[in-house]
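What follows is a single structure, written as structure tokens, with notes after it.
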Amino acid sequence: MPSLKDLAKMPERITGGHRLCPGCGAPIAVRQILRGTDKPVVVVCATGCLEVATTIYPHSAWKCPYFHNAFENAAATLSGIETAYNSLKKQGRAKKEIKFVAFGGDGGTYDIGLQSLSGALERGHDFVYVCYDNEAYMNTGIQRSSATPYGAATTTSPAGKVHPGKEQFKKNLLDVVAAHEIPYAAQACISDWADVLKKSQKAFETKGPAFINILAPCQRGWRYPHNKTIAVAKAAVETRFWPLLEIEYGRKWTLNRDIKTPKPITEWLKMQGRFKHLFKPENEHLVKKIQEHIDSEWERIKNLCRCSGQNFD
Amino acid sequence: MPKNKPKPVKGRDYDSMTGADAVAFGMRQINPDVVAAFPITPQTEIMERFSQFYADGIVDTEMILVESEHSAMSAVVGAAAAGARAMTATAANGLALMWEIVYIAASTRLPIVMNVVNRALSGPINIHCDHSDSMGCRDSGWIQIYSENGQEAYENTIFAVKFAEHPKVRLPVMVCQDGFITSHSVEPINFIHDDKVKQFIGKPKPEFSLLDVDNPITLGPLDLFDYYFEHKRQQIEGMENARKAFLDVAKEFEKTCGRRLQYFEEYSSKDADYVLVVMSSTAGTAKEVVDRLRKQGKKVGLIKPRLFRPFPYEEITKALEGKKAVAVMDRSASFGAQGGPLFLEISSAMLNSAKKPKLCNYIFGLGGRDTSMQDIEKVFEDLMNGKPKALNYLGVRG
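Sequence order for the protein chains is A and B.
Position one of the first sequence corresponds to residue 0 (numbering that gives the first Met the number 0), numbered consecutively onward.
Position one of the second sequence corresponds to residue 0 (numbering that gives the first Met the number 0), numbered consecutively onward.
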């Protein structure tokens with residue numbers, strides 16, 4: 000594990016001066032992930048904030064080869080690039096060792112890109128797929144996605160007199176991905192940079208598909224001051240809302256950070272304007288429902304980790 | 000099953016096979032770096048045959064057996080952007096599912112070659128031939144070449160590789176053949192020898208590659224009102240350049256492979272008074288009708304467009320000027336328009352001509368409805384009687 004100082008000295012593959020919002024979690028995630036390898040990388044982005052804000056023609060923030068095809072096909076597109084590389088390498092027309100990585104938001108991964116991702120995982124391409132999860136369609140103006148948490152207000156699931164924000168729990172994407180029995184699937188958070196780095200290194204070293212779902216808060220959509228991104232991310236981990244875990248071959252579960260004394264979920268909810276309505280007295284039962292869901296999910300994950308031999312004493 | 004390796008007989012060989020097999024055979028000779036495949040009737044046979052070449056280690060190709068046509072097109076776009084020679088094939092609904100990425104392939108200027116086995120678009124679902132699938136994306140920026148039979152589908156496919164990669168063109172090419180009628184009919188195919196194909200297509204020389212990590216490029220950026228229009232203008236130029244490039248590549252094709260490709264075929268049409276314009280397999284039926292009517296002394300002829308995009312409007316205008324009457328036959332409808340897509344092209348091509356013939360349109364063969372020699376004879380009779388309506392439907396009830 001390199002020191003933070005050494006990591007800071009690594010050449011940047013995405014420069015400053017891009018047009019993402021101040022306090023955006025996405026470029027933090029990208030910089031952390033891309034420090035996981037010193038080999039050349041080819042990046043594919045799904046349509047989304049990261050894509051539009053880093054490549055407004057004639058400018059580009061990317062110092063490595065970068066391709067954006069469309070919204071729902073980052074994984075299929077990267078399949079094509081990786082297969083071309085294998086073909087050319089086999090024929091002696093490509094020599095260097097190259098790593099392949101895709102970045103998609105939750106909309107491009109949990110929703111519209113899920114089929115393309117599933118196909119690519121099943122085919123076993125040698126690449127890393129990173130979902131930077133900011134829990135809604137932020138690029139189009141904060142619409143609910145299947146990654147939006149229960150109770151959150153978005154522009155298409157607003158808190159109204161009858162419907163109090165989103166009325167479904169977040170899709171469990173990591174389980175869906177792990178069910179493909181790929182060598183490596185992990186969940187990480189930008190507040191735990193050392194954990195992200197370890198996972199990224201592992202993902203890049205994995206032969207075959209690797210997947211990382213990284214929580215990347217969005218100050219505009221989550222409604223918090225832009226200098227609180229890391230604090231909000233940290234609270235997601237400390238309340239057990241966002242467990243840091245990894246699943247190898249769909250079988251071996253490891254909880255990377257056991258939160259022995261979790262903060263109540265209200266500690267995370269109250270930091271964000273999107274959950275403001277949940278603190279009205281008539282919505283108390285919703286907060287309780289969210290807490291119960293977190294508790295039960297944590298127990299489920301721990302049980303699966305125990306089955307894999309992890310000891311929580 | 001086609002033989003895997005043709006025996007060179009003075010640089011040529013013959014075998015009996017379907018249109019689908021012939022295309023797969025051509026793909027083996029092309030030996031693309033990457034092929035993405037997803038099954039759809041009546042295209043499936045192409046990919047089945049090619050998969051056997053892959054399974055037997057006859058090609059260097061890496062195959063991607065994708066989970067949808069949308070991913071097939073996405074994957075070949077990725078592969079071509081990585082500097083690989085990439086191919087795929089589809090039909091009907093598969094092409095419709097690809098639609099979004101079909102446009103992106105063209106605007107990213109990627110020389111992909113795709114075989115389209117023409118089939119009617121849903122709904123209602125139908126697996127037989129018409130041209131609604133490829134005609135639907137005639138404005139997507141792809142070059143389109145149509146094939147009368149398996150022989151042409153085979154030759155067009157090989158030709159398309161070099162044409163797409165022409166430095167002044169750099170556009171994807173769709174090679175179309177009629178579903179079932181051509182794709183599943185066994186015909187004698189006259190092959191070009193492997194070495195000649197290899198010599199003709201040469202090695203791919205991509206202008207850029209995502210794998211060139213020392214010269215990183217950003218591809219597919221956000222392009223707004225300040226640049227998008229210029230880029231579209233360049234794309235239009237690329238398509239315009241394809242007109243001349245077609246002739247140059249055709250010359251080379253004839254020199255190396257001994258096969259002649261033209262914008263369109265003129266069949267007894269030069270001295271004809273009454274001309275039929277029709278593409279693909281129906282042109283074969285029409286040729287027989289033309290021969291019979293000629294024997295009866297009728298001055299009839301046929302024009303069979305092979306290149307539809309870019310449309311050779313000047314040359315078609317010259318070929319049709321001074322005729323008494325021309326019937327354009329369309330195997331797809333353009334709902335709410337004055338006629339089918341081919342008719343619209345020809346009528347606008349002739350807009351300013353002083354020697355414009357009487358033009359009429361026949362919509363025929365939708366959803367695989369058979370078009371007989373009698374049907375085509377009727378079209379000629381209409382023309383010769385001087386009484387065709389502007390828009391007609393051939394062989395339909397009601």
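Backbone N, C-alpha and C fix where the C-beta goes; we use that ideal spot for every residue, glycine too.
Extent of the continuous alpha helix (DSSP H) to which residue i belongs
i	result
Tyr53 of chain B	Thr43 to Ala54
Cys48 of chain A	Cys48 to Thr53
Ile375 of chain B	Met372 to Asn384
Trp297 of chain A	Glu283 to Cys306
Phe199 of chain B	Asp193 to Ile200
Leu56 of chain A	The sequence shown places Tyr at residue 56 of chain A, not Leu. Looking at the DSSP string, Tyr56 of chain A is not in any alpha helix (DSSP H), and its letter there is neither H nor E.
Trp192 of chain A	Trp192 to Glu204
Cys130 of chain A	Run containing Cys130 of chain A: none in the alpha helix (DSSP H); it sits in the beta strand (DSSP E), Val127 to Asp132.
His230 of chain B	Tyr227 to Cys256
Ala185 of chain A	It is not in any alpha helix (DSSP H) - Ala185 of chain A instead sits in the beta strand (DSSP E) that spans Tyr183 to Cys188.
Gln114 of chain A	Leu113 to Arg122
Asn155 of chain B	Gly149 to Ala163
Glu81 of chain A	Ala73 to Lys89
Arg219 of chain A	Gln218 to Trp221
Ala285 of chain B	Ser280 to Lys294
Buried or exposed (CB count within 10 angstroms, at least 16 for buried), residue i
i	result
Cys359 of chain B	buried
Asn384 of chain B	exposed
Lys279 of chain A	exposed
Met134 of chain B	buried
Arg305 of chain A	exposed
Glu313 of chain B	exposed
Lys388 of chain B	exposed
His67 of chain A	buried
Leu3 of chain A	exposed
Arg305 of chain B	buried
Arg169 of chain B	buried
Arg250 of chain A	exposed
C-beta neighbour in chain B for residue i, strict 8 Å
i	result
Gly15 of chain A	no
Pro216 of chain A	no
Gly79 of chain A	yes
Pro10 of chain A	no
Asn68 of chain A	yes
Lys62 of chain A	yes
Thr36 of chain A	no
Val51 of chain A	yes
Asn72 of chain A	yes
Thr76 of chain A	yes
Tyr136 of chain A	no
Thr54 of chain A	yes
Tyr378 of chain A	Past the boundaries of the shown model lies residue 378 of chain A; chain A is included only from 0 to 312, so the question cannot be answered.
Pro39 of chain A	yes
Pro26 of chain A	no
Beta strand (DSSP E) segment containing residue i, residue limits
i	result
Thr89 of chain B	Ala85 to Thr89
Met113 of chain B	Val112 to Asn117
Met72 of chain B	Met72 of chain B -> not in any beta strand (DSSP E); alpha helix (DSSP H) instead, spanning Glu68 to Ala80.
Trp252 of chain A	Lys251 to Leu254
Asn360 of chain B	Lys357 to Ile362
Phe66 of chain A	Tyr65 to His67
Ile213 of chain A	Ala209 to Leu214
Whole-Å CB distance - residue i paired with residue j, under 8 Å assumed
i	j	result
Val288 of chain B	Glu376 of chain B	6 Å
Thr370 of chain B	Ser184 of chain B	Going by Cβ atoms, the distance from Thr370 of chain B to Ser184 of chain B rounds to 15 Å, so no, they are not a contact pair.
Gly22 of chain A	Thr228 of chain A	5 Å
Residue-chain proximity (residue i, chain A), Cβ-Cβ < 8 Å
i	result
Thr255 of chain B	no
Ala271 of chain B	no
Phe49 of chain B	no
Asp32 of chain B	yes
Leu209 of chain B	yes
Val112 of chain B	no
Val212 of chain B	yes
Ala35 of chain B	yes
Residue i: CB within 7 Å of a non-hydrogen atom of the ligand HEM
i	result
Leu218 of chain B	This structure simply doesn't include the ligand HEM, nor any ligand for that matter.
Where the region 113-130 of chain A meets chain B: residues whose CB sits under 9 Å from a CB there
Using a CB distance below 9 Å, the part of the region 113-130 of chain A facing chain B consists of Gln114, Ser115, Ser117, Gly118, Ala119, Glu121, Arg122 and His124, ordered along the chain.
Quick one, which residues of the region 9-26 of chain B are near chain A if we go by CB-CB under 8 Å, in chain order?
Those would be none; no residue qualifies.
For the region 53-83 of chain B, which residues have a CB atom closer than 9 Å to at least one CB atom of chain A, in sequence order?
Among the residues of the region 53-83 of chain B, those with a Cβ less than 9 Å away from any Cβ of chain A are Asp59, Thr60, Glu61, Met62, Ile63, Leu64, Val65, Glu66, Ser67, His69, Ser70, Ala71, Met72, Ser73, Ala74, Val75, Val76, Gly77, Ala78, Ala79, Ala80, Ala81, Gly82 and Ala83, in the order of the chain.
Taking Cβ-Cβ distances below 9 Å as the criterion, which residues of the region 84-99 of chain A are in contact with chain B?
Within the region 84-99 of chain A, the residues whose Cβ lies closer than 9 Å to some Cβ of chain B are Tyr84, Asn85, Ser86, Leu87, Lys89, Gln90, Arg92, Ala93, Lys95 and Ile97, listed in chain order.
Quick one: which residues of the region 134-159 of chain B get their C-beta closer than 9 Å to a C-beta of chain A? List them in chain order.
Those would be none; no residue qualifies.
Residues within the region 215-239 of chain B neighbouring chain A, beta-carbon criterion of under 9 Å
Against chain A - using a Cβ distance shorter than 9 Å - the residues of the region 215-239 of chain B are Pro215, Ile216, Thr217, Leu218, Gly219, Pro220, Leu221, Asp222, Leu223, Asp225, Tyr226, Tyr227 and His230.
Proximal residues, the region 99-124 of chain B versus chain A, C-beta separation under 7 Å:
Hits within the stretch, in order: Glu99, Ile100 and Ile103.
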